[in-house]
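The sequence shown begins at 16 in my numbering and counts up one residue at a time.
The beta-carbon is built from N, C-alpha and C at its ideal position, and this holds for glycine as well.
Since the structure is predicted, the reported quantities are computational estimates derived from the model, not experimental observations.
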Amino acid sequence: MKILGLSAWFHDSSACLLVDGEIVAYAEEERFNREKHTPEYPQAAVEWVLENAGLTLDDVDEVVFYVDPWAYLITGAKAFLSAFPYSLSFLGKEASTRSPFYRLKRMFGLKRELCRRHGAKGDFNAVALRHYRTHQGSTFYASGFEDSAILTIDFAGDGFAEVIAHGRGLDIEDKLVHRIPHGFALVYTTVTHLLGFRWDDEYKVMGMAAYGEPRFREEINKLFAFDPDTGDFRLNLEYFNFHKYGRNNLFSDKIFELFGPSPEPGSDLTQREYDLAASLQAATADYGLAMAGLVKRLTGSDNLCVAGGVTQNCLMNQAICESGLFDNVFLQPLAGDHGCTLGAALYQYHRVHKRPRRYKMNHLFLGPAYLEESHAAADRHGLKARAVDDWHGEVAQAIADGLIVGFFDGCMEAGPRALGSRSILADPRRADMKDILNSRVKHREHFRPFAPSVLETEIETVFEPLPACRSLEYMIVTLTVRPEWREKVPAITHDDGTARAQAVGRAHAPNFYRIIEAFFERTGVPLVINTSFNDNEPIVCTPDNAIDCFKRTRIDLLVLDGRLYYREDNADAVNEKPEAG
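Listed below in structure tokens is the structure:
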């Protein structure tokens with residue numbers, strides 16, 4: 016059975032192909048159209064996942080969409096009526112891709128839209144699932160657990176913000192539901208905007224938290240009321256406007272009475288902003304722990320699966336894993352809406368069609384590879400490769416010598432984190448490497464930490480153990496750096512003593528593993544800095560994307576599928592004059 020999971024017209028559009036219960040391909044549209052968090056229909060992603068399997072759309076049995084248009088319509092209508100006349104601003108213009116009219120027209124005409132875009136006859140079934148179901152499916156059916164509690168903490172979807180459920184075999188039973196707008200995600204997003212950031216910048220606030228003190232903790236608590244015994248959660252709506260005006264007006268002026276005004280655009284952040292971020296992070300961790308305790312009481316399971324946008328908060332995830340509430344915790348690395356296509360396909364296959372489970376997520380290298388095209392692209396750009404005998408050792412030595420390496424290798428990884436296929440690598444031993452990376456390549460805020468990738472065999476040498484976590488391969492949880500290692504690897508140790516580490520195994524990332532192994536042999540340090548191969552853009556997808564980033568930044572060495580292109584050897588191609596000797 017072949018199922019295509021599909022998301023579009025909201026944000027983070029993607030496509031996923033499941034064949035006989037196995038995920039065989041996945042891609043996010045932003046990697047192709049180069050628009051971060053794109054809401055556009057995933058034309059290129061759909062075409063790639065099908066072509067990769069040698070299929071056309073008419074070869075697919077079902078297309079499963081990640082939002083139920085009827086639930087979206089009913090939820091929107093209720094919100095519109097309850098907030099009238101303020102809610103007139105919800106409507107927007109029909110032509111806008113953010114308009115509910117635009118979305119509903121395409122969702123209700125999904126099959127027609129698919130046939131038009133892909134030249135298909137329509138020999139497939141097109142269905143839609145409740146949004147939260149796709150989050151549940153993405154984590155439970157990918158976990159490998161036969162019995163597990165399931166916690167999804169999301170923003171809105173098509174009506175449900177947060178759901179506690181119990182998964183057994185093929186079945187998922189809901190235990191508790193928080194309906195929008197009453198969910199913690201609105202608290203986090205509201206404070207993010209209050210701090211002067213935009214949609215999808217919540218991860219920046221998490222990075223800020225290490226530089227502040229949680230002195231606004233009591234004020235944060237005034238935004239909501241939560242009873243951990245009953246699970247009842249209510250926002251204090253006098254501080255919020257989302258339920259009246261939608262995404263463009265999240266909070267009321269009353270919130271300034273608690274926290275003061277937002278920073279002026281373009282102004283430097285002050286200690287107040289860092290303290291507010293720290294307060295929000297403390298509240299997030301406390302809420303996650305309280306929900307985890309409630310999940311345990313409602314299900315009695317020793318296992319936990321989580322998904323939803325809020326569960327991308329790595330510090331909260333660490334607190335849950337350290338709590339001792341569960342023996343095994345699976346943190347879905349595609350926790351945001353980009354992972355709902357995977358969840359839609361899995362949920363439809365297992366829960367709806369009752370097909371037996373066989374898939375267990377053990378890597379995210381699900382995207383396109385360009386083994387033949389990469390070297391041709393380098394030639395086309397006039398790049399000259401340097402001949403070396405041991406390219407893994409050469410790259411490791413370059414990192415040890417302080418060079419910044421752009422690493423492009425094999426199948427593109429899924430999700431928001433570079434995991435060793437589209438990565439920028441650097442030396443974690445240099446305290447100044449964070450500033451060097453920011454000034455020469457990344458050009459991002461100083462408070463955002465850089466993550467390490469560590470040999471899986473050495474992870475507990477450098478970091479305190481986190482035995483309950485079953486997702487150490489994906490940079491979805493922070494680990495505490497052992498005190499004796501913090502001065503050895505200052506570039507990856509955040510101010511709170513943590514790092515968002517990735518455990519690297521030989522099986523799924525052999526070339527990346529060999530580079531870290533060679534670096535370990537040369538330095539005694541079993542990890543490297545690994546940050547996404549980009550510069551304020553989506554992670555690179557193609558060799559041309561990688562070469563363009565190499566040219567316009569100051570990356571020292573570009574590795575394209577095993578060939579090495581040093582900047583100093585390619586001054587003409589990157590439009591730089593060689594320095595005088």
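Relative to the alpha-carbon of residue i, which residue among the options has its alpha-carbon at the smallest distance?
i: Q412; options: L440, H396, G425; result: L440
i: G435; options: I530, T472, F462; result: I530
i: K375; options: D342, G152, K190, A141; result: G152
i: M122; options: E233, H133, F25, A40; result: F25
i: T14; options: W500, L330, T285, V477; result: The question about residue 14 has no answer here: the residues shown for the chain are numbered 16 through 596.
i: G520; options: P383, H378, T513; result: H378
i: M221; options: R459, P464, A524; result: P464
i: K503; options: H458, P541, D584; result: P541
i: R127; options: R395, F116, N140; result: N140
i: L88; options: L119, G512, L65, D76; result: L119
i: V142; options: V79, D450, P553; result: V79
i: A305; options: K457, M16, D242; result: D242
i: P301; options: V574, S282, T314, R232; result: Reading off the sequence shown, one finds Asp at residue 301, where the question assumed Pro. That would be R232, whose Cα lies nearest to the Cα of D301.
i: D450; options: W63, A402, G303, A506; result: A506
i: A334; options: L481, R432, Y226; result: L481
i: L33; options: F47, V61, T568; result: V61
i: A415; options: F248, Q296, V64, A533; result: A533
i: T557; options: D216, E44, A157; result: E44
i: L166; options: G174, L346, L19, F239; result: L346
Does the Cβ of residue i have 16 or more other Cβ atoms within 10 Å, making it buried, or fewer, making it exposed?
i: A110; result: Annotation note: pLDDT 49 at A110 (below 50); position unreliable, no value reported.
i: K108; result: No answer about K108 holds up, because its pLDDT of 47 lies below 50 and its placement is not dependable.
i: A30; result: buried
i: L386; result: exposed
i: N256; result: buried
i: M427; result: buried
i: C564; result: buried
i: H181; result: buried
i: L21; result: buried
i: A522; result: exposed
i: N545; result: buried
i: N551; result: exposed
i: G354; result: buried
i: T285; result: exposed
i: H509; result: buried
Identify the continuous beta strand (DSSP E) that holds residue i and give its terminal residues.
i: T167; result: 162-168
i: H208; result: Looking at the DSSP string, H208 is not in any beta strand (DSSP E); the run it does join, the alpha helix (DSSP H), is 199-209.
i: G182; result: 175-183
i: K369; result: Careful: K369 lies outside any beta strand (DSSP E) and carries neither H nor E.
i: E37; result: 37-43
i: A157; result: No beta strand (DSSP E) contains A157, which is instead part of the alpha helix (DSSP H) from 146-158.
i: F248; result: 248-250
i: V82; result: Counting along the chain, V82 falls outside any beta strand (DSSP E), and DSSP gives it neither H nor E.
i: P196; result: From DSSP, P196 is part of no beta strand (DSSP E); its letter is neither H nor E.
i: V61; result: Counting along the chain, V61 falls outside any beta strand (DSSP E), though it belongs to the alpha helix (DSSP H) covering 58-67.
i: A143; result: 140-143
In the DSSP assignment, what are the bridge partners of residue i?
i: R10; result: The displayed coordinates of the chain run from 16 to 596. Any statement about residue 10 would go beyond what the structure contains.
i: D186; result: R183
i: V492; result: BP columns for V492 are empty, so no partner.
i: A23; result: Partner(s): none; A23 has no beta bridge.
i: N264; result: N264 pairs with nothing; no bridge assigned.
i: K17; result: V34
i: H258; result: Paired residues: none, contrary to the question.
i: F478; result: V496
i: T472; result: According to DSSP, T472 bridges with nothing at all.
i: N239; result: Correcting the residue type first, residue 239 is Phe in the shown sequence and not Asn. Bridge partners of F239: L250.
i: T90; result: Paired residue(s): none; T90 is not in a bridge.
i: P467; result: I544
i: S29; result: S22, E43
Let's see if you can read the secondary structure: which residues bound the alpha helix (DSSP H) around residue i?
i: Y218; result: 217-223
i: E128; result: 125-133
i: N560; result: 558-567
i: L597; result: Residue 597 lies beyond the stretch modelled for the chain, which goes from 16 to 596, so this question has no answer here.
- Query: In chain order, which beta strand (DSSP E) runs of at least 3 residues are fully inside the stretch 379-460?
  - Reply: 420-423, 437-441
Q.
Could you tell me which whole alpha helix (DSSP H) segments of length 4 or greater appear in the stretch 288-358?
A. 329-337
Report the residue ranges of all beta strand (DSSP E) runs contained in full by the stretch 506-544; include only those spanning at least 3 residues, in chain order. 517-519
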